[in-house]
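Using UniProt numbering, the letters of the sequence shown map in sequence onto residues 1 to 424.
Just so it is clear, CB atoms sit at the ideal spot from N, CA and C, and this is done for glycine as well.
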Amino acid sequence: MNKCYSLVLLLIGSLAFAQNPNLNKDYRAIENKVIEWRREIHQNPELSNREFKTAEKIAKHLKSLGLEVQTGVAHTGVVGILKGEQDGKVIALRADIDALPVYERNDLPYKSNVTSEFLGEKVGVMHACGHDTHTAILMGVAEVLSKNKDKIKGTVKFIFQPAEEGPPPGEEGGALLMVKEGVLKNPDVDAIFGLHINSNTPVGIIRYKSGGTMAAAQSFTINVKGKQSHGSQPWSGVDPILISAKIIDGLQTIISRETDLTNEAAVITVGKIKSGVRFNIIPESAEMIGTIRTLDYDMKDHINKRMMEMVPAIAKAFGGDATIEIKDATDITYNDPALVEQMLPTMQRIAGASNVQTQKAVTGAEDFSYFQREVPGFFFFLGGMTPGTTESFPHHTPDFLIDDSGLLLGVKTLTEMSLDYLNQ
Ligand SMILES: [Zn+2]
Ligand SMILES: [Zn+2]
Numbered sequence: 001m002n003k004c005y006s007l008v009l010l011l012i013g014s015l016a017f018a019q020n021p022n023l024n025k026d027y028r029a030i031e032n033k034v035i036e037w038r039r040e041i042h043q044n045p046e047l048s049n050r051e052f053k054t055a056e057k058i059a060k061h062l063k064s065l066g067l068e069v070q071t072g073v074a075h076t077g078v079v080g081i082l083k084g085e086q087d088g089k090v091i092a093l094r095a096d097i098d099a100l101p102v103y104e105r106n107d108l109p110y111k112s113n114v115t116s117e118f119l120g121e122k123v124g125v126m127h128a129c130g131h132d133t134h135t136a137i138l139m140g141v142a143e144v145l146s147k148n149k150d151k152i153k154g155t156v157k158f159i160f161q162p163a164e165e166g167p168p169p170g171e172e173g174g175a176l177l178m179v180k181e182g183v184l185k186n187p188d189v190d191a192i193f194g195l196h197i198n199s200n201t202p203v204g205i206i207r208y209k210s211g212g213t214m215a216a217a218q219s220f221t222i223n224v225k226g227k228q229s230h231g232s233q234p235w236s237g238v239d240p241i242l243i244s245a246k247i248i249d250g251l252q253t254i255i256s257r258e259t260d261l262t263n264e265a266a267v268i269t270v271g272k273i274k275s276g277v278r279f280n281i282i283p284e285s286a287e288m289i290g291t292i293r294t295l296d297y298d299m300k301d302h303i304n305k306r307m308m309e310m311v312p313a314i315a316k317a318f319g320g321d322a323t324i325e326i327k328d329a330t331d332i333t334y335n336d337p338a339l340v341e342q343m344l345p346t347m348q349r350i351a352g353a354s355n356v357q358t359q360k361a362v363t364g365a366e367d368f369s370y371f372q373r374e375v376p377g378f379f380f381f382l383g384g385m386t387p388g389t390t391e392s393f394p395h396h397t398p399d400f401l402i403d404d405s406g407l408l409l410g411v412k413t414l415t416e417m418s419l420d421y422l423n424q
């Protein structure tokens, strides 16, 4: 490449990455701190609803910045409120802070050697979903914005949320409990932003989708009742195993024959079936459990309604009875299309237009959805894969790995999205 040409490219490059010039100094100052916080948090991970030390560290930091701080929100959550010098709207930024019961296998100077107990078993504890990076990034955003109160027209609410991975059985927690405790009120939040680091997306890249982005997760339980008989004389009983097979078949036709899959994806999975004791007895009952994933509210309603109708009807057709119960686990992570449209220019300005890419929907779930059910929100994915590498390690595994060099882009993006949203 000739020199002149590369100079032009360099110029275009620096223009494309233009950020608020007044903040450059603050960004330069914050990167090492964010990386250091991230490593400390990574080395000291805590399980869902047990994030005591992590919360303490966050609260201490927010107080040192002069923010109004609430602790113990939804058990271990921390909320910081930063008022700008002028009145205006209220933007919320959310980071989740919990780790997972996973033994870390990475050889890192800040590797986690922490162990704990989960459901009566000894487990390793690891930030195997990258919530350590989310926490450090948001601590960094809080520091940069608190130094620039004069540029803020309105209020920024920093929400550090526990238990995104789900509270332990029998406990409440996560985004749902935060909403219940009024985290989006007083001052009332107008919009919310959040990000998730991604181990499979290169550093420097941001990915997003407008509309349904991550699925609503629901669980269901089906109880089938038949009539017990000798295995050699099926005509004298009602076979709940055969009925279960027909029900599974029927449920899959809701997806394949009744759902407009060109609109959004949808999934019904039966994950467990339990019935019977031995080869020559037709048992009395069967139980099935499974999950439903949807990305569109109307499709979700239709699928739920048809499951409720179909399960007892199929059982009845074969002489038995069946009940079904559907429970919500998380809602649809739904990116408000107007808000996405509004914030896209900011993202493109910060990351460079070609580095902001659209992506397919994810059938995994995120409890950020509970905030988006209340107020418009935008949740996007930040690259955390080492540039130039081809191998990435999936979330929730012992080898999960995030490159620290991707964190600053997260700080810049959330900072400038907040400023632009409030000042527009
Ligand atoms: Zn996760
Ligand atoms: Zn996660």
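Alpha-carbon to alpha-carbon, residue j and residue i
i, j, result
"glutamate 309", "lysine 53", "48 Å"
"proline 394", "phenylalanine 118", "22 Å"
"isoleucine 241", "serine 275", "7 Å"
"leucine 295", "threonine 323", "25 Å"
"leucine 382", "lysine 412", "12 Å"
"leucine 15", "leucine 419", "Caution applies to leucine 15, whose pLDDT of 45 falls short of 50 and renders its modelled position unreliable; the value that the coordinates give is listed next. Near 19 Å, if we compare the C-alpha coordinates of leucine 419 and leucine 15."
"alanine 266", "serine 48", "28 Å"
"alanine 315", "glutamine 252", "16 Å"
"threonine 221", "glycine 290", "7 Å"
"phenylalanine 371", "glutamate 171", "19 Å"
"lysine 3", "lysine 25", "Interpretation of lysine 3 is limited by its pLDDT of 43, a score under 50 that renders its predicted location unreliable; no figure is taken from the coordinates."
"valine 90", "alanine 286", "51 Å"
"glutamine 369", "methionine 214", "The sequence as given places serine at residue 369; glutamine does not occur at that position. Looking at the two C-alpha atoms, the distance is approximately 8 Å."
"methionine 178", "histidine 196", "19 Å"
"leucine 65", "alanine 353", "33 Å"
"threonine 269", "isoleucine 292", "7 Å"
"threonine 386", "proline 202", "6 Å"
"valine 238", "phenylalanine 279", "16 Å"
"aspartate 188", "methionine 417", "18 Å"
"threonine 155", "asparagine 186", "11 Å"
"leucine 9", "glycine 182", "Only weak support is given to the placement of leucine 9: the predicted model assigns it a pLDDT of 46, under 50, and the question is left unresolved by the model."
"residue 461", "serine 256", "Within the shown structure, residues of the chain are numbered from 1 to 424, placing residue 461 beyond reach of any answer."
"aspartate 87", "threonine 397", "45 Å"
"leucine 23", "glycine 406", "18 Å"
"valine 34", "lysine 272", "43 Å"
Span of the alpha helix (DSSP H) around residue i
i, result
"isoleucine 241", "240-258"
"glutamate 366", "Where glutamate 366 is concerned, there is no enclosing alpha helix (DSSP H), given that its DSSP letter is neither H nor E."
"glycine 174", "174-180"
"alanine 216", "Not the alpha helix (DSSP H): alanine 216 falls in the beta strand (DSSP E), residues 216-225."
Beta-carbon proximity of residue i to residue j, cut-off 7 Å
i, j, result
"glycine 231", "arginine 94", "no"
"threonine 330", "alanine 217", "yes"
"isoleucine 254", "valine 356", "no"
"glutamate 284", "glutamine 233", "no"
"leucine 422", "lysine 153", "yes"
"isoleucine 137", "glycine 410", "yes"
"alanine 191", "proline 376", "yes"
"glycine 120", "tyrosine 103", "no"
"leucine 401", "glutamate 31", "no"
"valine 224", "serine 210", "no"
"glutamate 366", "threonine 333", "yes"
Opening and closing residue of the beta strand (DSSP E) in which residue i lies
i, result
"glutamate 325", "321-330"
"leucine 82", "77-83"
"glutamine 43", "Not the beta strand (DSSP E): glutamine 43 falls in the alpha helix (DSSP H), residues 24-43."
"alanine 315", "Here alanine 315 belongs to no beta strand (DSSP E); instead the alpha helix (DSSP H) covers 297-317."
"asparagine 335", "333-335"
"leucine 409", "Segment 407-423 is the alpha helix (DSSP H) holding leucine 409; no beta strand (DSSP E) there."
Best match in the options for proximity to residue i [C-alpha to C-alpha]
i, options, result
"leucine 62", "Ile303, Ile254, His302 and Val141", "Val141"
"histidine 302", "Asp260, His396 and Gln342", "Asp260"
"arginine 349", "Thr415, Asp367 and Lys225", "Thr415"
"phenylalanine 318", "Ile247, Ile332, Gly388 and Arg278", "Ile247"
"alanine 29", "Thr363, Lys153, Val144 and Ile192", "Val144"
"serine 116", "Leu344, Glu46 and Val375", "Glu46"
"leucine 100", "Ala245, Cys129, Pro187 and Pro202", "Cys129"
"serine 199", "Gly384, Gly388 and Val69", "Gly384"
"asparagine 148", "Leu67, Val78, Pro202 and Leu401", "Leu67"
"valine 73", "Ala353, Gly84, Tyr208 and Arg50", "Arg50"
"glutamate 56", "Asp399, Glu165 and Phe160", "Phe160"
"methionine 139", "Gly226, Glu36, Asp188 and Ser112", "Glu36"
"valine 79", "Leu184, Arg105, Asp150 and Val114", "Leu184"
"histidine 134", "Ser146, Phe380 and Thr397", "Phe380"
"methionine 126", "Lys83, Asn44, Glu165 and Gly204", "Asn44"
"isoleucine 326", "Tyr27, Glu165, Ser219 and Ala163", "Ser219"
Rounded Cβ spacing between residue i and residue j (contact assumed at less than 8 Å)
i, j, result
"proline 168", "glycine 174", "So it is not a contact: roughly 11 Å between Cβ atoms."
"isoleucine 81", "lysine 157", "6 Å"
"phenylalanine 378", "aspartate 336", "7 Å"
"arginine 38", "aspartate 404", "6 Å"
"isoleucine 41", "aspartate 132", "4 Å"
"alanine 313", "glycine 212", "Not a contact, Cβ separation roughly 29 Å."
"glutamate 264", "methionine 307", "Not confirmed; about 17 Å, so no contact."
"glycine 204", "alanine 92", "At roughly 26 Å, the Cβ-Cβ gap does not stay under 8 Å, so glycine 204 and alanine 92 are not in contact."
Residue i: CB within 6 Å of a non-hydrogen atom of ligand 4
i, result
"glutamine 342", "Of the ligands this structure carries, namely ligand 1 and ligand 2, none is ligand 4."
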